[in-house]
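Reviewing the structure listed below.
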Amino acid sequence: MTEYVIIGDGISGSSAAETLREEDPESSITVITDEGEALYNRILIKEHAKGKLPEAPISIHEEDWYAERDIELSLNTHVTGVDTDEKVVHTHEGDEIGYDKLLIATGGTPTQLPVDDSDAEGIHHFWTFQDARKIRESAEAAEKGVIVGAGLLGIDFAAVCGAQGVEGKYLMRGDRWWRYALSSEGAEIMHEGMREVGVEPVFDSGVDRFETDDGQVVAAIDPDGERHECDFAGVAIGLTFNTEYLGDIDLEQDNGIVVDQYMQTNLEDVYAAGDITRFYDVLLGEQAQNGSWGSAKEQGRIAGVNMAADDEAEEFEWVSSYSITHFDFPFLSFGHPTLGDDHAERKYSDTEWRRIAFKDGKVVGGVLIGDLAPQSKLKQLMREQRDVADQKEVLLEETVDLDDLAPPQEQ
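Numbering of the sequence shown is given in full-length UniProt numbering, commencing with residue 1 and proceeding in unit increments.
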């Protein structure tokens with residue numbers, strides 16, 4: 001009987017466990033997590049923090065889900081070390097859990113601002129269900145907020161401030177939100193969305209330090225010395241990957257755990273999946289990272305298939321997407337919108353904008369604001385890896401019709 005151990009019960013770890021049980025019904029499966037509750041929907045926790053959703057719909061798996069599938073779930077369990085020679089996982093309680101194949105799916109922890117008093121009361125990071133509960137409670141009592149981190153996670157804090165009636169200042173280091181994927185024209189639509197919910201973008205700013213009173217945050221001071229009063233602060237400046245428990249094992253890492261398209265690491269019988277991976281993207285032709293829920297779930301499934309197989313059974317091939325529904329208009333990014341050597345963009349109205357990124361003539365990602373209808377066709381082009389960069393006009397038409405593209409052989 002094969003023994004599988006999975007460290008992490010996020011969507012990738014849970015997806016792998018479910019797949020392993022289907023692929024290898026007689027095996028032993030153990031899932032270890034340091035959290036106190038089983039799998040929940042990380043996408044919906046922001047709706048809970050906004051005060052829009054009770055707790056019940058956020059839970060995905062109750063503990064009996066694991067028992068019904070004969071999967072051992074260890075909650076509140078911290079892994080203290082992994083011995084890949086002896087194939088043993090060590091826990092904080094002194095237990096030794098043996099494995100034949102191991103999956104690392106521990107994701108990351110929000111990075112703390114490296115400034116004074118960044119751990120004060122009222123300063124929050126957004127990652128776990130417990131974080132969301134604290135954010136909701138804090139925001140409901142707050143009057144003024146400060147947000148740091150001009151990316152896809154930071155904007156959730158802007159939405160929380162808007163929904164909870166907190167007067168917010170969104171401090172951004174550059175001249176616009178998510179400047180690596182959006183031009184000024186596209187970003188300004190997002191800025192207007194923020195302003196409409198009561199959050200003011202502040203550009204070329206940031207936090208030099210926080211001011212506190214009896215342990216509670218009362219202000220953020222920017223690098224120019226300007227003081228922004230706040231009794232609530234949200235920080236989203238990226239993730240620090242949870243790998244410290246792995247110690248000095250000879251695992252290849254490069255701002256994440258390096259895996260191939262089968263989710264296998266450089267160590268035999270050790271796999272990784274989810275946010276923590278730097279995976280080989282078969283569409284891009286190079287190592288890449290992606291933090292989306294769908295990508296993590298599919299990586300977990302692929303890892304499970306390949307762990308159960310005797311050979312490399314299935315490759316990870318995925319076009320990810322990430323949507324934001326906080327404003328009166330929708331927002332969606334897909335693929336790798338910050339990469340590429342060429343791009344095309346167009347504004348269609350005050351709330352409609354499109355940008356497509358290309359690499360070596362092929363679509364590698366993009367951003368859609370307002371009108372999300374073209375997403376399926378653009379993703380299709382990305383999967384097909386068609387050379388279309390010389391036909392940008394067709395892709396920027398309000399209604400994209402792939403039949404208008406020149407057939408591949410005529411290009």
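Here a beta-carbon is modelled for each residue, glycine too, at the ideal position from N, C-alpha and C.
A quick note: this is a predicted structure, and the numbers were derived from the prediction, not measured.
Legend entry - Member of Ile29, Gly154, Asp64, Val89 whose CA lies at the smallest distance from the CA of Lys46: As a working mapping, residue 46 is identified with position 46 in the sequence shown. Nearest option by C-alpha distance: Gly154.
Inset, instruction - Could you tell me the distance, in whole angstroms, from the CA atom of Pro408 to the CA atom of Glu384? - result: Here residue 408 refers to the residue found at position 408 of the sequence shown. Here residue 384 refers to the residue found at position 384 of the sequence shown. For Pro408 and Glu384, the distance between alpha carbons rounds to 11 Å.
Legend entry - Closest by C-alpha distance to Gly340, when choosing among Thr243, Gly365, Asp404: By 1-based counting over the sequence shown, the position of residue 340 is 340. Between Gly340 and the set Thr243, Gly365, Asp404, the nearest pair of CA atoms involves Gly365.
Legend entry - Sequence ranges, beta strand (DSSP E) only - wholly within the segment 3–48, length at least 3: Those beta strand (DSSP E) runs which fall completely within the segment 3–48 and span 3+ residues are 3–7, 28–32.
Inset, instruction - Assuming Ala139 and Ala49 form a contact by the criterion Cβ under 8 Å, report the distance between their Cβ atoms to the nearest whole angstrom. - result: As a working mapping, residue 139 is identified with position 139 in the sequence shown. As a working mapping, residue 49 is identified with position 49 in the sequence shown. Here Ala139 really is in contact with Ala49; their C-beta atoms are around 7 Å apart, less than 8 Å.
Inset, instruction - State yes or no: is the C-beta of Leu402 within less than 8 Å of the C-beta of Gln391? - result: The sequence position of residue 402 within the sequence shown is 402, counting from 1. The sequence position of residue 391 within the sequence shown is 391, counting from 1. In terms of Cβ geometry, Leu402 and Gln391 do not form a close pair [threshold 8 Å].
Legend entry - Cut-off 7 Å between Cβ atoms - residues of its own chain near Glu252, not counting five sequence neighbours on either side: By one-based count along the sequence shown, residue 252 stands at place 252. Apart from sequence neighbours up to five positions away, the residues of its chain that approach Glu252 with a beta-carbon distance below 7 Å are Val258, Thr265, Asn266, ordered along the chain.
Inset, instruction - Buried or exposed for Asp85, please, with buried defined as at least 16 other CB atoms from any protein chain shown within 10 angstroms of its CB. - result: Translated into positions along the sequence shown, residue 85 becomes position 85. With fewer than 16 other Cβ atoms from the protein chains shown falling within 10 Å of its own Cβ, Asp85 counts as exposed.
Inset, instruction - State buried or exposed for Asn255, treating a residue as buried only when at least 16 other CB atoms are found within 10 Å of its CB. - result: Within the sequence shown, residue 255 is the residue found at index 255, counting from 1. Under the 10 Å beta carbon count, Asn255 is surrounded by fewer than 16 other beta carbons and is classified as exposed.
Legend entry - beta strand (DSSP E) runs wholly inside the segment 226–308, at least 3 long, in chain order: The qualifying runs are 227–229, 232–235, 239–241, 257–259, 270–272, 277–281, 286–288.
Inset, instruction - Label Asn306 either buried or exposed according to how many other C-beta atoms from any shown protein chain fall within 10 Å of its C-beta, with 16 as the threshold for buried. - result: Taking the first residue of the sequence shown as 1, we reach residue 306 at position 306. Asn306 should be labelled buried.
Legend entry - Simplified DSSP assignment, three categories, for Ile71: One-based indexing of the sequence shown puts residue 71 at position 71. Of the three classes helix, strand and coil, the one that applies to Ile71 here is strand, per DSSP.
Inset, instruction - Put Phe316 into one of helix, strand or coil per three-state DSSP. - result: Within the sequence shown, the letter at position 316 stands for residue 316. Phe316 sits in coil when the DSSP states are folded into three classes, being neither helix nor strand.
Inset, instruction - Indicate, with yes or no, if the ligand FMN has a heavy atom lying under 7 Å from the CB of Ala296. - result: Judged by which ligands are present, the structure shown has none, so any question about the ligand FMN falls away.
Inset, instruction - Name the one or two DSSP bridge partners that Leu103 has. - result: Translated into the one-based positions of the sequence shown, residue 103 becomes position 103. According to DSSP, which records beta bridges pairwise, Leu103 is partnered with Ile6, Tyr271.
Inset, instruction - Pull up the distance between the alpha-carbon of Ala150 and that of Thr338, whole angstroms please. - result: If you number the sequence shown from 1, residue 150 lands on position 150. If you number the sequence shown from 1, residue 338 lands on position 338. Computed Cα separation, rounded: 14 Å.
Legend entry - Which of helix, strand or coil DSSP assigns to residue 412: With the chain running from 1 to 411 in the structure shown, residue 412 is simply not present.
Inset, instruction - Give me the Cβ distance between Phe329 and Gly193, rounded to the nearest whole Å; I'm assuming they're in contact under 8 Å. - result: The residue labelled residue 329 in the question sits at position 329 within the sequence shown. The residue labelled residue 193 in the question sits at position 193 within the sequence shown. Rounded to whole angstroms, the Cβ separation of Phe329 and Gly193 is 7 Å, and the two are in contact under 8 Å.
Legend entry - Own chain residues within Cβ distance below 6 Å of Glu137, not counting five before or after: In the sequence shown, counting from the first residue as 1, residue 137 sits at position 137. There are no such residues.
Legend entry - Residue closest to Ala273, alpha-carbon to alpha-carbon, out of Trp293, Ala389, Gly285, Leu75: In the sequence shown, residue 273 corresponds to position 273, counting from 1. Each of Trp293, Ala389, Gly285, Leu75 was checked against the Cα of Ala273, and the nearest Cα belongs to Trp293.
Inset, instruction - Classify Gln411 as helix, strand or coil using the three-state DSSP reduction. - result: Mapped onto the sequence shown, residue 411 falls at position 411. Low confidence applies here, because Gln411 scores a pLDDT of 45, under 50, leaving its location unreliable and the question unanswered by this model.
Legend entry - Nearest candidate by alpha-carbon position, reference Trp318, set Asp310, Leu152, Gly285, Glu200: The residue given as residue 318 occupies position 318 in the sequence shown. Here the closest residue by C-alpha is Gly285.
Legend entry - For Thr212 and Asp119, the rounded distance between their alpha carbons: In the sequence shown, the residue the question calls residue 119 occupies position 119. In the sequence shown, the residue the question calls residue 212 occupies position 212. Whole-angstrom Cα-Cα distance: 10 Å.
Inset, instruction - Take Glu200 as the anchor and find which of Tyr348, Met1, Val146 has the nearest alpha-carbon. - result: Position 200 of the sequence shown, counted from the first residue, corresponds to residue 200. The residue with the shortest Cα to Cα distance from Glu200 is Val146.
Inset, instruction - Determine contact between the segment 169–189 and the segment 204–220, defined as no fewer than three beta-carbon pairs at a distance below 8 Å. - result: Yes, the segment 169–189 is in contact with the segment 204–220.
Legend entry - Where the alpha helix (DSSP H) containing Val400 begins and where it ends: Taking the first residue of the sequence shown as position 1, residue 400 is located at position 400. Run containing Val400: none; DSSP gives neither H nor E here.
Inset, instruction - Tell me whether the beta-carbon of Val235 lies closer than 8 Å to the beta-carbon of His125. - result: Counting from 1 along the sequence shown, the entry for residue 235 is found at position 235. Counting from 1 along the sequence shown, the entry for residue 125 is found at position 125. Going by C-beta atoms, Val235 is nearer than 8 Å to His125.
Inset, instruction - Can you say whether Ala141 is buried or exposed, counting buried as having 16 or more other CB atoms within 10 angstroms of its CB? - result: Position 141 of the sequence shown holds residue 141. Exposed.
Inset, instruction - With a threshold of 16 other CB atoms inside 10 Å of the CB of Met1, please say whether the residue is buried or exposed. - result: Within the sequence shown, residue 1 is the residue found at index 1, counting from 1. Exposed: under 16 other Cβ atoms inside 10 Å.
Legend entry - Three or more C-beta pairs below 8 Å linking the segment 178–197 and the segment 69–88: Result no; under three Cβ-Cβ pairs closer than 8 Å.
Inset, instruction - Let me know if Gly130 comes out buried or exposed under the rule of 16 or more other beta-carbons within 10 Å of its beta-carbon. - result: As a working mapping, residue 130 is identified with position 130 in the sequence shown. The sequence given here has Gln at residue 130, not Gly. With fewer than 16 Cβ atoms within 10 Å of its Cβ, Gln130 is classed as exposed.
Inset, instruction - At 3 residues or longer, and completely inside the segment 333–407: list those beta strand (DSSP E) runs for me, N to C. - result: The beta strand (DSSP E) runs lying completely inside the segment 333–407 and spanning 3 residues or more are 342–349, 352–359, 362–369, given in chain order.
Legend entry - Rounded straight-line distance, which links the Cα of Glu63 to that of His336: Residue mapping note: residue 336 aligns to position 336 of the sequence shown, counting from 1. Residue mapping note: residue 63 aligns to position 63 of the sequence shown, counting from 1. Straight-line Cα distance between these residues: approximately 36 Å.
Inset, instruction - Would you identify the three-state DSSP class for Lys169, choosing helix, strand or coil? - result: Locating residue 169 in the sequence shown gives position 169, counting from the first residue. In this structure, DSSP gives Lys169 an extended state, which the three-state scheme calls strand.
Inset, instruction - Report yes if the CB atom of Arg176 is closer than 8 Å to the CB atom of Phe203, and no otherwise. - result: If you number the sequence shown from 1, residue 176 lands on position 176. If you number the sequence shown from 1, residue 203 lands on position 203. Yes.
Legend entry - Residue burial classification, Thr30 (beta-carbon count within 10 angstroms, cutoff 16): Translated into positions along the sequence shown, residue 30 becomes position 30. Buried: at least 16 other Cβ atoms inside 10 Å.
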